[in-house]
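Reading through the structure tokens given below for one structure.
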Amino acid sequence: MALDSKTEARKFKIVGTRPLRPDGIDKVTGRARFGADMSAPGMLVGLILRSPHPHARIRSIDTTRAESMEGVHAVVTRADFPAFVEDEALADVLDNCMAGEKALYDGHAVAAVAATSGAVARAALKLIEVEYELLAHVTDVDEAMRPDAPALHEDRADETVPAGMSDNVMARHEFGHGDIDAGFAKADRVLERGYRTEATHQGYIEPHACLATFGSDGQADLWCCTQGHYMVRNTCAAILGMEQGRLRVTASEIGGGFGGKTTVFLEPVALMLSKKAGRPVKMVMGRAEVFRATGPTASSSIDVRIGMAKDGRITAGFAELRYQGGAYPGSPVDMGSMSAFAPYDLEHVKTVGWDVVTNRPKQAAYRAPGAPMAAFAVESAIDELARELGLDPLEVRLKNAAREGTRASYGPTFPAIGLEATLRKAKDHPHWSAPLGPNQGRGVACGFWFNFGGDTCVSLNITPDGTVTVSEGNPDIGGSRASMSMMAAEELGIPYEKVRTIIADTGALGQNDVTDGSRVTFAVGLATIEAARAAKREMCKRAARIWEIEEDAVVWEDGAARPAGPNAGKHPPMSLAEIAAVATNTGGPIAGHCEVNAEGAGVSFATHMVDTEVDPETGAVKILRYTVFQDAGKAVHPAYVEGQFQGGAVQGIGWALNEEYIYGEDGRLQNAGFLDYRIPVASDLPMIDTVILEIPNPGHPYGVRGVGETSIVPPLAAVANAVSHAAGVRLTHLPISPPRLLAAIGAK
Amino acid sequence: MHYVSPTTTDEAVRILSSAPGACRIVAGGTDLLVQMRSGMPEADTLLDIKRIGGLREIARDDGGWRIGAAVSGAELGEHAELVGEWPGVVEAVNLIGSTQIQGRATMAGNLCNASPAADSVPALVAANAVVRVVGPEGVRDVPVLDIPAGPGKTTLKRGEFVSSIYLPAKTGQSGDAYLRFIPRTEMDIAVVGCAVWLAFDAAGTCTEARVALGAVGPKVILAEEAARALVGTRIDEPALDALVAACSAAARPIADKRGTVAFRTHVAGVLARRAALIAKNRAGGAA
Numbered sequence: 001m002a003l004d005s006k007t008e009a010r011k012f013k014i015v016g017t018r019p020l021r022p023d024g025i026d027k028v029t030g031r032a033r034f035g036a037d038m039s040a041p042g043m044l045v046g047l048i049l050r051s052p053h054p055h056a057r058i059r060s061i062d063t064t065r066a067e068s069m070e071g072v073h074a075v076v077t078r079a080d081f082p083a084f085v086e087d088e089a090l091a092d093v094l095d096n097c098m099a100g101e102k103a104l105y106d107g108h109a110v111a112a113v114a115a116t117s118g119a120v121a122r123a124a125l126k127l128i129e130v131e132y133e134l135l136a137h138v139t140d141v142d143e144a145m146r147p148d149a150p151a152l153h154e155d156r157a158d159e160t161v162p163a164g165m166s167d168n169v170m171a172r173h174e175f176g177h178g179d180i181d182a183g184f185a186k187a188d189r190v191l192e193r194g195y196r197t198e199a200t201h202q203g204y205i206e207p208h209a210c211l212a213t214f215g216s217d218g219q220a221d222l223w224c225c226t227q228g229h230y231m232v233r234n235t236c237a238a239i240l241g242m243e244q245g246r247l248r249v250t251a252s253e254i255g256g257g258f259g260g261k262t263t264v265f266l267e268p269v270a271l272m273l274s275k276k277a278g279r280p281v282k283m284v285m286g287r288a289e290v291f292r293a294t295g296p297t298a299s300s301s302i303d304v305r306i307g308m309a310k311d312g313r314i315t316a317g318f319a320e321l322r323y324q325g326g327a328y329p330g331s332p333v334d335m336g337s338m339s340a341f342a343p344y345d346l347e348h349v350k351t352v353g354w355d356v357v358t359n360r361p362k363q364a365a366y367r368a369p370g371a372p373m374a375a376f377a378v379e380s381a382i383d384e385l386a387r388e389l390g391l392d393p394l395e396v397r398l399k400n401a402a403r404e405g406t407r408a409s410y411g412p413t414f415p416a417i418g419l420e421a422t423l424r425k426a427k428d429h430p431h432w433s434a435p436l437g438p439n440q441g442r443g444v445a446c447g448f449w450f451n452f453g454g455d456t457c458v459s460l461n462i463t464p465d466g467t468v469t470v471s472e473g474n475p476d477i478g479g480s481r482a483s484m485s486m487m488a489a490e491e492l493g494i495p496y497e498k499v500r501t502i503i504a505d506t507g508a509l510g511q512n513d514v515t516d517g518s519r520v521t522f523a524v525g526l527a528t529i530e531a532a533r534a535a536k537r538e539m540c541k542r543a544a545r546i547w548e549i550e551e552d553a554v555v556w557e558d559g560a561a562r563p564a565g566p567n568a569g570k571h572p573p574m575s576l577a578e579i580a581a582v583a584t585n586t587g588g589p590i591a592g593h594c595e596v597n598a599e600g601a602g603v604s605f606a607t608h609m610v611d612t613e614v615d616p617e618t619g620a621v622k623i624l625r626y627t628v629f630q631d632a633g634k635a636v637h638p639a640y641v642e643g644q645f646q647g648g649a650v651q652g653i654g655w656a657l658n659e660e661y662i663y664g665e666d667g668r669l670q671n672a673g674f675l676d677y678r679i680p681v682a683s684d685l686p687m688i689d690t691v692i693l694e695i696p697n698p699g700h701p702y703g704v705r706g707v708g709e710t711s712i713v714p715p716l717a718a719v720a721n722a723v724s725h726a727a728g729v730r731l732t733h734l735p736i737s738p739p740r741l742l743a744a745i746g747a748k
Numbered sequence: 001m002h003y004v005s006p007t008t009t010d011e012a013v014r015i016l017s018s019a020p021g022a023c024r025i026v027a028g029g030t031d032l033l034v035q036m037r038s039g040m041p042e043a044d045t046l047l048d049i050k051r052i053g054g055l056r057e058i059a060r061d062d063g064g065w066r067i068g069a070a071v072s073g074a075e076l077g078e079h080a081e082l083v084g085e086w087p088g089v090v091e092a093v094n095l096i097g098s099t100q101i102q103g104r105a106t107m108a109g110n111l112c113n114a115s116p117a118a119d120s121v122p123a124l125v126a127a128n129a130v131v132r133v134v135g136p137e138g139v140r141d142v143p144v145l146d147i148p149a150g151p152g153k154t155t156l157k158r159g160e161f162v163s164s165i166y167l168p169a170k171t172g173q174s175g176d177a178y179l180r181f182i183p184r185t186e187m188d189i190a191v192v193g194c195a196v197w198l199a200f201d202a203a204g205t206c207t208e209a210r211v212a213l214g215a216v217g218p219k220v221i222l223a224e225e226a227a228r229a230l231v232g233t234r235i236d237e238p239a240l241d242a243l244v245a246a247c248s249a250a251a252r253p254i255a256d257k258r259g260t261v262a263f264r265t266h267v268a269g270v271l272a273r274r275a276a277l278i279a280k281n282r283a284g285g286a287a
């Protein structure tokens, strides 16, 4: 282990076990309060009027008839919001929440009402008269890049974009090192191929919902379903032109987010409606609104060129990636460009990414944003090359695998990482050697994700009876309350059942970054451990005071303060509960806290293996077997870790096989519902098998790495590789829906 | 909006004929309630037929089965004798929605919702089922094929509703089957559906056949050319090839978010071949 490692060699008592999840009973009994479960006296119902046009100039909006309707308390349009928001990204968020000069996509919000009932609000929406000037639209990424394509914005491209390109090209990103031409010259075989992926939605079960109250004193409260209520506070405050401290945001229980709840859609509108109406306003999206107006991920068009020597060594890799991220800049093409070749140790590598806008809803983060499409392209190409050269696809990846000390394709040098371990485990697994039948194929692929740390606060309080409460500021989307309680219990040496972790509101803690970047178990875990250590130091101090010895003569072991050695005197150990019981006489209440910008998140790698069967007469694909091999650093609660592996794999399978945003010629979304936006159902899939590897992250006291996102990176390519082998034809366009696969089989 | 639940067909017909505004029939409500929530039909009166005598019964009638319009899919699936005689019809109904939906959804509702993709309708057409319609002018019996008029439209007149569906007596060596194509394994709508009913003589030659296609036209298609391809054969490979060609020729699909014209045309034939083999097998000794 590296000398600068923060990870301690230790025997865990609680970390690594599988205690009951603290939110389980609430969720199965219905006691858990989700976004739409909040209510307040005098509450109004808020609804949004949405553009039916994919691209239109808003000439005028007449709200007088709606406003005069009985039961209507407020109508809001863009004119009610501040005319100028300084931060460009936040100005885009406002424009996405409430259209300004133009409606930029089918479903774009143009007005909102607050009324005494849903029926009144619906009737009022019909009385709002919007005069549109229809404009030509574009929804396809490659079409949007043509110089003559209809332009959404003017003069918004950043300085990286060469002159003469379409106004829809917002930015160019480039990463890499070496000389790819020299690398390709050394190759025995060079493969060039284009790939496409369609936009997919995060598909969380719980629609967006919030309840806003805006007092006449300028103080506001907001309850909402979000992955980051501090982000909601800061964003809404900026958009509404108010001080952050005047707005308190409380996060509800959350029914899924997967990145899609790392921004705001309803919240600023609800606050503005409440401010105008002088009453609480509740807003809940319907499913069609979720599909039409919240963030799916980007669709992509990617060209890959890879050179390989006969022995499987990759001599050079190049990829040009074009992502459309909807109507505003900020598609995750930068992360796609950084992650495309990250699993490999390459001498010559280059990626170029183009950020493109189209008349589609503004993309939002989706689990490892940008990486799955890039991995689909690169891992498909590697698979095809390996097959052409008669090489084992796992051996080829092992031969090129990034290791400790590898200079990553996006710049940094990797510390201890687990890619090679996942590949070796995959090669030794019985799945790899299991026989396949007719029309069946096996695919493998690797994936990488950066992971993140960021601003984090934890307050750990010890009650007079010796129980412990941990307050953190990150909504629990993947089991973090259990993980924090486990890490606090581990550190304090007390049973898991003695700790309860809650998600505090924005008034209770300092700034916390959003629950994203697989950061919470790492960063909040680190802060929880530090907070527990601070509490232990304080408890040792109290024991020292009682024993009348020096503070540094007391140590904390097995859940109790003890004299450090024989010279410290013969004092029986004082447990946490015993110290807590007399705290008022030894200096007052005891707590520990930690505020940190956590660094050292530790990247994560995975290898996935999947068997598929193709019906050559219909193009139907069946997933027969699926195994995930991923490095977790240290699995705090292995059941949750397995759940993250399985969930990412399943979302990736959906992306690979059937999920897609389908736009008609009219620029309207055709499948804004779960019937025709096909996420896999339980009967579509086998149990997803998981293998957890633990290569400790040197940046965390227990070795934890984030695990939530990496698992969605390999499955697109793994499934496409498996289907390509089963069908005998290479599939380069996702999703591999039955009509697309049948056409490919017919064309071979 | 008014909700009424009469106990006789006469009362139901009277309300249906005289209620002001739009009156909609509720049996299971699994289509209607979803449509109402999405704001599609404006209903002034909801007429629940579940309390009308006999409408929740499955009864022997002249050797066949009379199935009340409010009988749920789950009730059909649990009726062993019915399943034994008309497995294709029951499996088609049981494919609709989920276990929960099956507890409420009805075959008559599936027919009257008039979706071109309705699963039970091709199976009922292949089975030569007859619909009993009651209305202001009395009772009339109508072949299933004549009920759908196009997407969302039926040939029922104002004041009329379906009270039962009759499945004829099973003849000696006969069998039916229904297959649909969906991209998933459940909770989906047919991209193509195909039902086949076959009868055989003692020598194993097909004497009668009915082939029906769903989701490849504005309403269910009775593919008579496809049936002719099978009659007089032992459902051997040449007959199946002719069936496939005839079904693909009979299909008149549109391209939409669920499938292309080429896909639906091709898969109509694929499903017909597979369904015919199942029906043949179910017909027993004929195989």
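So the protein lines, in turn, are chains E and P.
The opening residue of the first sequence carries number 1 in my numbering; numbering runs sequentially from there.
The opening residue of the second sequence carries number 1 in my numbering; numbering runs sequentially from there.
Beta carbons are placed, not taken as given, at the ideal position from N, Cα and C, and that holds for glycine.
This one's a predicted model, so the numbers in the text were calculated from it and none came from an experiment.
*Could you tell me which residues DSSP pairs with L47 (chain E) in its beta bridges?*
E:V113
_C-beta atoms of L394 (chain E) and F605 (chain E) nearer than 8 Å_ = no
*State the beta-bridge partners of F214 (chain E) as determined by DSSP.*
E:A220
_chain P contact residues for R678 (chain E), given Cβ-Cβ distances below 8 Å_ = P183, R184 and D188
_Taking 8 Å as the limit between beta carbons, can you name the residues of its chain near G77 (chain P), skipping five residues before and five after?_
V83, V90, V93, N94 and Q102
*Contact set for G600 (chain E): own chain, Cβ-Cβ below 6 Å, skip 5 residues either direction*: G699
*Rounded separation between G28 (chain P) and R104 (chain P) - CA only*: 4 Å
*Applying a beta-carbon distance threshold of less than 7 Å, which residues of chain P neighbour E617 (chain E)?*
V270
*asked:* At the level of alpha carbons, what is the spacing between I745 (chain E) and C446 (chain E)?
replied: 26 Å
_Minimum Cβ-Cβ distance from I662 (chain E) to chain P less than 8 Å_ = yes
*Assuming T297 (chain E) contacts P369 (chain E) under a Cβ cut-off of 8 Å, what Cβ separation, rounded to an integer in Å, is found between them?*
7 Å
*asked:* If we define contact as Cβ-Cβ less than 8 Å, is Q440 (chain E) a contact residue for chain P?
replied: Chain P contact via Cβ: absent.
*Reduced DSSP category for Q100 (chain P) - H, G, I as helix; E, B as strand; rest coil*: helix
_Alpha-carbon spacing of P738 (chain E) relative to R184 (chain P), whole angstroms_ = 10 Å
*So, helix, strand or coil for I462 (chain E), using DSSP?*
Residue state, collapsed to three classes: strand.
*Please work out which residues of its chain come closer than 7 Å, Cβ to Cβ, to M36 (chain P), disregarding the five sequence neighbours upstream and downstream, and give them in chain order.*
A43
*Where K13 (chain E) and E490 (chain E) are concerned, what is the direct C-alpha to C-alpha distance, given to the nearest angstrom?*
7 Å
*How would you label G164 (chain E), buried or exposed, when you count the other beta carbons within 10 angstroms and need 16 or more for buried?*
exposed
*How far does the beta strand (DSSP E) with S174 (chain P) in it reach, from first residue to last?*
Q173 to F181
*Could you check which residue in E:G176, E:L436, E:S575 and E:M484 has the C-alpha nearest to that of S339 (chain E)?*
E:G176
*For the candidate residues E:R705, E:A718, E:F341 and E:V596, whose alpha-carbon lies nearest to that of I623 (chain E)?*
E:A718
*Per-residue burial, E198 (chain E) [other beta carbons within 10 Å of its own, 16 or more giving buried]*: buried
*Does the beta carbon of R288 (chain P) come closer than 8 Å to any beta carbon on chain E?*
The shown model of chain P, from 1 to 287, leaves out residue 288 (chain P), and the question about it has no answer.
*Are there 16 or more other CB atoms within 10 angstroms of the CB of I25 (chain E), so buried, or fewer, so exposed?*
Classification of I25 (chain E): exposed, given that the 10 Å Cβ count is below 16.
*Any beta-carbon of chain E closer than 8 Å to the one on V216 (chain P)?*
Answer no: the Cβ-Cβ gap between V216 (chain P) and chain E never drops below 8 Å.
*How about H266 (chain P): is its C-beta nearer than 8 Å to some C-beta of chain E?*
yes
_Residue interval of the beta strand (DSSP E) (run including L111 (chain P))_ = No beta strand (DSSP E) holds L111 (chain P); the alpha helix (DSSP H) holding it covers M107 to C112.
*asked:* So for H266 (chain P), helix, strand or coil by DSSP?
replied: DSSP, read as helix, strand or coil, puts H266 (chain P) in helix.
*If you count every other CB in all the chains shown that lies within 10 Å of the CB of C112 (chain P), and 16 or more means buried, which is it?*
buried
*How is N597 (chain E) classed by DSSP in three states: helix, strand or coil?*
strand
*Using the beta-carbon count (16 or more within 10 Å), is E206 (chain E) buried or exposed?*
buried
*Using a Cβ-Cβ cut-off of less than 8 Å, list which residues of the stretch 156-173 of chain P approach chain E; keep chain order.*
none
_When you compare the CB of P54 (chain E) with every CB in chain P, is at least one pair closer than 8 Å?_
Interface criterion not met: the Cβ of P54 (chain E) is under 8 Å from no Cβ in chain P.
*asked:* Distance cutoff 8 Å, beta carbons only. Does D684 (chain E) sit that close to anything in chain P?
replied: yes
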